[in-house]
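Asks:
Residue numbers (full-length UniProt numbering): 1 to 68.
Laid out in structure tokens, this is it:
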């Protein structure tokens with residue numbers, strides 16, 4: 001079975017639900033939100049990039065190998 005992830009407007013959502021019900025297609029409606037700690041981590045990462053706190057992958061590998 002395939003899964004579809006869509007991001008409709010409220011108006012589109014009503015039409016899609018009506019269509020799925022008319023076609024007897026089973027579906028579930030979910031509003032999954034990311035946990036707060038995940039959102040905080042993403043925001044911190046975006047701020048780090050904005051502040052220029054980045055490194056290349058090679059620099060990361062070099063730093064990581066020097067910790068061993």
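Idealized CB from N, CA, C, for every residue including glycine.
Thinking C-beta only, is residue 20 closer than 8 Å to residue 27?
Replies: Within the chain shown, numbered from 1, the residue matching residue 27 stands at position 27. Within the chain shown, numbered from 1, the residue matching residue 20 stands at position 20. Cβ atoms of residue 27 and residue 20: closer than 8 Å.
Asks: In whole angstroms, what separates the C-alpha of residue 31 from that of residue 68?
Replies: Counted from its first residue, the chain shown places residue 31 at position 31. Counted from its first residue, the chain shown places residue 68 at position 68. Spanning the two alpha carbons is a distance of roughly 43 Å.
Asks: If I follow the unbroken alpha helix (DSSP H) through residue 64, where does it start and stop?
Replies: Here residue 64 refers to the residue found at position 64 of the chain shown. Residues 57-66.
Asks: Between 13, 66, 41, which has its C-alpha nearest residue 29's C-alpha?
Replies: Locating residue 29 in the chain shown gives position 29, counting from the first residue. Residue 13 is the option with its Cα nearest to residue 29.
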